[in-house]
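Chemist:
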Amino acid sequence: TYVVIDNCIACKYTDCVEVCPVDCFYEGENMLVIHPDECIDCGVCEPECPADAIRPDTEPDMDKWVEFNRKYSEMWPVIISKKDPMPEAEDRDGETGKLDKYFS
Ligand code: SF4
Ligand code: F3S
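In the numbering used here, the protein residues as written are 5 to 108.
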């Protein structure tokens, strides 16, 4: 599976949802996640993210992100159409510590 990681937080560009062939992105208030059981590993979303926030789970230490994506994809609604990014998206792209600020 591919997963969304913390740099999506407070950016939420949503370019990713437009290209997913199986519509497996889910939308929270501040970020998106991918449902790991629905993702077919096609990889087309990864280069679409301006914040470089989508990764394959074959990279090291991705287990926690798979579980994070699974947990929230089961709680949040599906998103299938692009919308405006969050207002501070450009400024907050690359900011550290976003996960602790929003999910602790
Ligand atoms: Fe969707 Fe493919 Fe990205 Fe998985 S890798 S979330 S199937 S676009
Ligand atoms: Fe987030 Fe990147 Fe999609 S910032 S909403 S994963 S395009």
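For every residue, glycine included, the Cβ atom is placed at its ideal position computed from N, Cα and C. If you're wondering where the values come from, they're calculated on a predicted model, not measured in any experiment.
W69 and Y30 look like a contact to me (Cβ under 8 Å); what is the Cβ gap, rounded to whole Å?
Modeler: Counting from 1 along the sequence shown, the entry for residue 69 is found at position 65. Counting from 1 along the sequence shown, the entry for residue 30 is found at position 26. Going by Cβ atoms, the distance from W69 to Y30 rounds to 14 Å, so no, they are not a contact pair.
Chemist: For the alpha helix (DSSP H) that V48 lies in, which residues bound it at each end?
Modeler: Along the sequence shown, read from residue 1 onward, the residue named residue 48 stands at position 44. Where V48 is concerned, there is no enclosing alpha helix (DSSP H), given that its DSSP letter is neither H nor E.
Chemist: Does E94 come within less than 9 Å of chain D when only Cβ atoms are used?
Modeler: The displayed structure is made up of one protein chain only, and chain D is not part of it.
Chemist: By DSSP's criteria, V70 is part of a beta bridge. Which residues make up the other side?
Modeler: Indexing the sequence shown from 1 puts residue 70 at position 66. According to DSSP, which records beta bridges pairwise, V70 is partnered with nothing at all.
Chemist: Hey, quick one: how far does the alpha helix (DSSP H) through V21 stretch, first residue to last?
Modeler: By one-based count along the sequence shown, residue 21 stands at place 17. Run containing V21: D19 to V23, per the alpha helix (DSSP H) assignment.
Chemist: Terminal residues of the continuous alpha helix (DSSP H) containing E94?
Modeler: Taking the sequence shown and counting its residues from 1, one reaches residue 94 at position 90. E94 -> alpha helix (DSSP H) spans A93 to R96.
Chemist: Just to confirm the assignment, what range does the beta strand (DSSP E) spanning P1 have?
Modeler: A question about residue 1 goes unanswered here, because the residues of the chain that appear run from 5 up to 108.
Chemist: Confirm, please, whether the CB-CB distance from V23 to C49 is below 9 Å.
Modeler: Reading the sequence shown from its first residue, position 45 is the one you call residue 49. Reading the sequence shown from its first residue, position 19 is the one you call residue 23. Cβ distance < 9 Å, so C49 and V23 count as in contact.
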